[in-house]
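**Q** In terms of UniProt numbering, the sequence shown has 6 at position 6, counting the first letter as 1, and numbering is strictly consecutive. In this text, a Cβ means the ideal position worked out from N, Cα and C, and glycines have one as well. Here it is, the structure in full.
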Amino acid sequence: MSVTEVYCRSCGERIKADAEICPNCGVRNQAYQGGQPAQGGQPARGGGRRGAGGGGQPRGGTATQRPSPSDSWVYGVGLGAALWVIVALLQFRAMSAVQGIQGGGSPLAAGSQALTSLLVGGPVQLIAWIVLPIAFYYDIKYVKYATDWSPSTGLFVGLAALAPILSSIVGMVAMVGMGIQGMFVGSILVPLAVAGLSGYYLKRRYDLV
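Set out below in structure tokens:
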């Protein structure tokens, strides 16, 4: 029996059996036999990752293959997560210094330690705040293109972009019960939460891609 339609082995779209390439993604049609439809009872449907390379190139100018989003932004996600961990560690160091002063330690040594942590932590936090949302935004495009997972752009980008604001809010709330030390709570917990979410994203991504 002659088959008039088959499924593209790359993107899964229905295409004509006598089409040489898929008009949706440009991958060569396995059922194409010199212009003759393949013979058989069931259309062949391919599996695997969705639209992520692995196919032929458009021939004769009859179809345009959509360019694949870059998969290099994942390194930005990893870098941003690492920077937020560093921010949390520096803030913890500063909080420990404040506790040392309150506990009767040397104000000069503890103050110097706290000041150093804050001065270093500020630029590191700024870089993390810029890098991670951008990296999330573009890498999620690649994940949606290459896999069936559709992570929420708003969740990942939004949390990464709002991290400094959330740190301040949590810190102010914590100050009510903890005093000056509470100021550092938000600066420690929120960066760790962002880093944890980034770690979840990276693990899920590497499991699928």
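State the DSSP-derived secondary structure class of Val209, mapped to helix, strand or coil.
**A** Position 209 of the sequence shown holds residue 209. It is coil, neither helix nor strand.
**Q** What separation, rounded to the nearest whole angstrom, lies between the Cα atoms of Val74 and Leu202?
**A** Here the question's residue 74 lines up with position 74 in the sequence shown. Here the question's residue 202 lines up with position 202 in the sequence shown. Roughly 8 Å separates the two Cα atoms.
**Q** Got a sec, what are the start and stop residues for the beta strand (DSSP E) Ile15 sits in?
**A** Taking the sequence shown and counting its residues from 1, the one referred to as residue 15 is at position 15. Note, Ile15: beta strand (DSSP E), Arg14 to Lys16.
**Q** Please state the DSSP three-state secondary structure of Arg9.
**A** As a first step, residue 9 must be located in the sequence shown, where it is residue number 9. Coil, per DSSP.
**Q** Between which two residues does the alpha helix (DSSP H) harbouring Pro164 extend?
**A** Here residue 164 refers to the residue found at position 164 when the sequence shown is read from its first residue. Start and end: Thr153 to Met178.
**Q** Should Gln36 go down as buried or exposed, given a rule of 16 or more other Cβ atoms within 10 Å for buried?
**A** Against the sequence shown, residue 36 aligns to sequence position 36. Residue placement at Gln36 is poorly supported in this model, since its pLDDT is 49, which falls under 50; the coordinates are not used for a value here.
**Q** Cα-Cα, which of Asp207, Met95, Val6 and Ser68 is closest to Lys141?
**A** Numbered from its first residue, the sequence shown carries residue 141 at position 141. Answer by Cα proximity: Ser68.
**Q** My assumption, with CB atoms under 8 Å, is that Gln125 sits in contact with Val173. Please give the rounded CB distance.
**A** In the sequence shown, residue 125 corresponds to position 125, counting from 1. In the sequence shown, residue 173 corresponds to position 173, counting from 1. Not really, about 19 Å apart at Cβ, beyond 8 Å.
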